[in-house]
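Here is the structure we will look at.
Protein chains: 2
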Amino acid sequence: MKRHYRIGEVASRTGCSPESIRHYEKLGLLAPPQRGEQGYRSYDQAALARIGFIRHGRSLGLDLHSIQELLALSDNPDTDCTAADDIASRHLEHLEERIAALQSLAGELRQVVHQCRGGKTANCQIIQTLYNHQPACTERGCGDVKA
Amino acid sequence: MKRHYRIGEVASRTGCSPESIRHYEKLGLLAPPQRGEQGYRSYDQAALARIGFIRHGRSLGLDLHSIQELLALSDNPDTDCTAADDIASRHLEHLEERIAALQSLAGELRQVVHQCRGGKTANCQIIQTLYNHQPACTERGCGDVKA
DNA sequence: GCTTGACCCTGTAACGATTACAAGGTTTAG
DNA sequence: CTAAACCTTGTAATCGTTACAGGGTCAAGC
Numbered sequence: 001m002k003r004h005y006r007i008g009e010v011a012s013r014t015g016c017s018p019e020s021i022r023h024y025e026k027l028g029l030l031a032p033p034q035r036g037e038q039g040y041r042s043y044d045q046a047a048l049a050r051i052g053f054i055r056h057g058r059s060l061g062l063d064l065h066s067i068q069e070l071l072a073l074s075d076n077p078d079t080d081c082t083a084a085d086d087i088a089s090r091h092l093e094h095l096e097e098r099i100a101a102l103q104s105l106a107g108e109l110r111q112v113v114h115q116c117r118g119g120k121t122a123n124c125q126i127i128q129t130l131y132n133h134q135p136a137c138t139e140r141g142c143g144d145v146k147a
Numbered sequence: 001m002k003r004h005y006r007i008g009e010v011a012s013r014t015g016c017s018p019e020s021i022r023h024y025e026k027l028g029l030l031a032p033p034q035r036g037e038q039g040y041r042s043y044d045q046a047a048l049a050r051i052g053f054i055r056h057g058r059s060l061g062l063d064l065h066s067i068q069e070l071l072a073l074s075d076n077p078d079t080d081c082t083a084a085d086d087i088a089s090r091h092l093e094h095l096e097e098r099i100a101a102l103q104s105l106a107g108e109l110r111q112v113v114h115q116c117r118g119g120k121t122a123n124c125q126i127i128q129t130l131y132n133h134q135p136a137c138t139e140r141g142c143g144d145v146k147a
């Protein structure tokens, strides 16, 4: 006797909004679920687990594409595990690069914050810095940082 | 005798693509420049400096909205400098939060990477972790991390 | 003269993941 | 019976940048 859940209940159980669940379905991370009498999506326990998988992957910062690859590996239990390890390692490397970049930015920013106490913007250290300082790299799009 | 530059030269001098420059104009960060004979945008030195300002702000990770606020402050030299300091401080705080979050993710990821040596995905530690592990926070959208 | 390539113009769509609608139908509680 | 809360679909917004399409202008080389 399998319990089934409508999308709203799945949402509150997984912490994943109904919109996102439908989105994952459209992207192919979730198989189209069965439909109830009124055409409502109906999810079983396995689907819940799969959504939890996606959710936890997201909470680790993995993108949906990587998660899709991991799900595909998980669907084929006989595959070599190296591929999964590669995805995680690649992401960890990516995270470490990003942390380093953000730390560098934070350091740069700490040098200018609180430098102009109660003055006028004409003499503001922050604004002066932005005008004068040369970014390290002037290549196209280089140095742009998300967040 | 003021030199003027077309958008392509501005691009190579500032490291900012022509598309981005036009984008900044559309968003109101740059005033619409003078136009040459064929309708080509024509930038003077002040515009170059302003684009450099934007560029450096972006390289520090500021969003365009914050940069616009800083530009507005810079355009009114008599304004109190506190506002600029607030923007920078807020951003620094934001950066530090993000660094902490990413470090936490990286730590979590380091625990699972390289745990499954040459096995099959059926026993893969990474995939098991994604299935089993409960994210700390199951609130809507909580725990999602960009990058 | 005529072609080729490098510029410039405008407007629109893509990226990634999510959210927010609109406009409709259904269930549930008071 | 009615109002709120749910479900359906599709589309558009967010952010900053890039990539087109479809067109115009100009200089160098043949």
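So the sequences go chain by chain: A and B.
Read in UniProt numbering, the first sequence has 125 at position 125, and its numbers run on one by one without any break.
Read in UniProt numbering, the second sequence has 129 at position 129, and its numbers run on one by one without any break.
Built from N, CA and C at the ideal position, the CB exists for glycine as well.
Keep in mind the model is a prediction, meaning the values are calculated, not measured.
If we ignore side chains and look at the alpha-carbon of each, how far apart do residue 148 (chain A) and E96 (chain B) end up?
Because chain A in this structure spans residues 1 to 147, residue 148 (chain A) falls outside the shown range and cannot be described.
Checklist entry - Which stretch, first to last residue, makes up the alpha helix (DSSP H) that contains E93 (chain B)? => result If you number the second sequence from 1, residue 93 (chain B) lands on position 93. Per DSSP, E93 (chain B) belongs to the alpha helix (DSSP H) from T82 to V112.
* G52 (chain A): first and last residue of the uninterrupted alpha helix (DSSP H) it sits in -> Walking along the first sequence from the start, residue 52 (chain A) turns up at place 52. Where G52 (chain A) is concerned, the enclosing alpha helix (DSSP H) stretches over Q45 to S59.
Review point. In terms of residue numbering, what span does the alpha helix (DSSP H) encompassing G8 (chain B) cover?
Key: As a first step, residue 8 (chain B) is located in the second sequence; it is residue number 8 there, counting from the start. Per DSSP, G8 (chain B) belongs to the alpha helix (DSSP H) from I7 to T14.
Chain B partners of H23 (chain A), CB-CB under 8 Å?
On the first sequence, residue 23 (chain A) is found 23 positions in, with the first residue counted as 1. Neighbours of H23 (chain A) on chain B: none; closest Cβ ~13 Å, over 8 Å.
Close-in-space but distant-in-sequence residues of the same chain around P32 (chain A) (CB under 7 Å, 5 per side omitted): For the purposes of this step, residue 32 (chain A) is taken as residue 32 along the first sequence, with counting starting at 1. The residues are E25.
Checklist entry - Tell me which same chain residues have a C-beta within less than 7 Å of the C-beta of I87 (chain A), skipping the five on either side of it? => result In the first sequence, counting from the first residue as 1, residue 87 (chain A) sits at position 87. Cβ neighbours of I87 (chain A) beyond the five flanking positions: S66, E69 and L70.
**Asked** Are the beta-carbon atoms belonging to Q128 (chain A) and Q115 (chain A) less than 7 Å from one another?
**Response** What you label residue 128 (chain A) is simply residue 128 of the first sequence in a count that begins at 1. What you label residue 115 (chain A) is simply residue 115 of the first sequence in a count that begins at 1. Contact check for Q128 (chain A) against Q115 (chain A) fails: the beta carbons are separated by 7 Å or more.
Quiz prompt | C-alpha gap between Y131 (chain B) and I51 (chain A), whole angstroms | solution = Position 131 of the second sequence, counting from 1, holds the residue named residue 131 (chain B). Position 51 of the first sequence, counting from 1, holds the residue named residue 51 (chain A). The straight-line gap from Cα to Cα measures roughly 9 Å.
Quick check on this structure: which residue in B:Q103, B:P77 and B:I21 has the alpha carbon closest to the alpha carbon of Y43 (chain B)? To locate residue 43 (chain B), count along the second sequence from 1; it is residue 43. Ranking the options by Cα distance to Y43 (chain B), first place goes to B:I21.
- [ ] Check the Cβ-Cβ distances between D78 (chain A) and every residue of chain B, and say whether any is below 7 Å.
- [x] As a working note, residue 78 (chain A) is residue 78 in the first sequence. At least one chain B Cβ lies under 7 Å of D78 (chain A).
**Message:** For D78 (chain A), count the other beta carbons within 10 Å of its own beta carbon; 16 or more makes it buried, fewer makes it exposed. Which is it?
**Reply:** One-based indexing of the first sequence puts residue 78 (chain A) at position 78. That one is exposed.
Can you tell me which of B:Q45, B:A84, B:C16 and B:G61 puts its alpha carbon nearest to the alpha carbon of N123 (chain A)? Along the first sequence, read from residue 1 onward, the residue named residue 123 (chain A) stands at position 123. Of B:Q45, B:A84, B:C16 and B:G61, the residue nearest in Cα terms is B:A84.
Exposure of R98 (chain B), with buried meaning 16 or more beta-carbon neighbours within 10 Å: For this step, residue 98 (chain B) is matched to residue 98 along the second sequence. It counts as buried.
- Item | Delimiting residues of the alpha helix (DSSP H) encompassing N132 (chain B) | Along the second sequence, read from residue 1 onward, the residue named residue 132 (chain B) stands at position 132. Looking at the DSSP string, the run of the alpha helix (DSSP H) that includes N132 (chain B) is Q125 to N132.
Looking at C-alpha atoms only, which residue of B:Y5, B:L60, B:R3 and B:R35 is the closest neighbour of V112 (chain A)? Sequence index remark: in the first sequence, residue 112 (chain A) carries index 112 (1-based). Checked all of B:Y5, B:L60, B:R3 and B:R35; the closest Cα to V112 (chain A) is B:L60.
Original post:
Taking C-beta to C-beta, are L48 (chain A) and H91 (chain A) nearer than 7 Å?
Top reply: Taking the first sequence and counting its residues from 1, one reaches residue 48 (chain A) at position 48. Taking the first sequence and counting its residues from 1, one reaches residue 91 (chain A) at position 91. Cβ atoms of L48 (chain A) and H91 (chain A): not closer than 7 Å.
Is R41 (chain A) helix, strand or coil when you go by DSSP? To locate residue 41 (chain A), count along the first sequence from 1; it is residue 41. R41 (chain A) falls in the strand class under three-state DSSP.
(message) The alpha helix (DSSP H) that contains K26 (chain A), what's its start and end?
(response) Position 26 of the first sequence holds residue 26 (chain A). For K26 (chain A), the enclosing alpha helix (DSSP H) starts and ends at P18 to L27.
Amino acids of chain A, ordered along the chain, whose beta-carbon sits closer than 7 Å to that of I127 (chain B)
Taking the second sequence and counting its residues from 1, the one referred to as residue 127 (chain B) is at position 127. Ordered by position in chain A, the residues that pass the 7 Å Cβ test against I127 (chain B) are L70, L73, S74 and A84.
query: Mind checking if E96 (chain B) is an interface residue toward chain A, Cβ cutoff 7 Å exclusive?
result: For the purposes of this step, residue 96 (chain B) is identified with residue 96 of the second sequence, where counting begins at 1. Contacts with chain A at 7 Å (Cβ-Cβ) include E96 (chain B).
Which chain A residues are close to Y131 (chain B), counting only those with a beta carbon under 9 Å from its beta carbon?
The count along the second sequence starts at 1 and reaches residue 131 (chain B) at position 131. Within chain A, the residues near Y131 (chain B) are A49, R50, G52, F53, H56 and S74.
Delimiting residues of the alpha helix (DSSP H) encompassing E75 (chain B)
Translated into the one-based positions of the second sequence, residue 75 (chain B) becomes position 75. According to the sequence shown, residue 75 (chain B) is Asp rather than Glu. Looking at the DSSP string, the run of the alpha helix (DSSP H) that includes D75 (chain B) is L64 to D75.
Worksheet item: So, is the C-beta of S104 (chain B) closer than 7 Å to a C-beta in chain A?
Response: Within the second sequence, numbered from 1, the residue matching residue 104 (chain B) stands at position 104. No, no contact with chain A.
- Message: Is there a Cβ of chain A sitting closer than 7 Å to that of V113 (chain B), yes or no?
- Response: Taking the first residue of the second sequence as 1, we reach residue 113 (chain B) at position 113. Answer yes: the Cβ-Cβ gap between V113 (chain B) and chain A drops below 7 Å somewhere.
For this session: For A46 (chain B), decide whether its Cβ has a neighbour in chain A, counting only Cβ atoms nearer than 7 Å.
Result: Numbered from its first residue, the second sequence carries residue 46 (chain B) at position 46. Not one chain A Cβ lies under 7 Å of A46 (chain B).
Exercise. Which value, in whole angstroms, describes the spacing of the CA atoms of R41 (chain B) and L105 (chain A)?
Worked result: Against the second sequence, residue 41 (chain B) aligns to sequence position 41. Against the first sequence, residue 105 (chain A) aligns to sequence position 105. Taking the straight line from one Cα to the other gives about 33 Å.
| field | DSSP beta-bridge partners of K120 (chain B) | value | Counting from 1 along the second sequence, the entry for residue 120 (chain B) is found at position 120. BP columns for K120 (chain B) point to A:D80.
Discussion item. Quick check on S89 (chain B) - is its C-beta less than 7 Å from some C-beta in chain A?
Written reply: Start at 1 with the first residue of the second sequence, and residue 89 (chain B) comes out as number 89. Answer yes: the Cβ-Cβ gap between S89 (chain B) and chain A drops below 7 Å somewhere.
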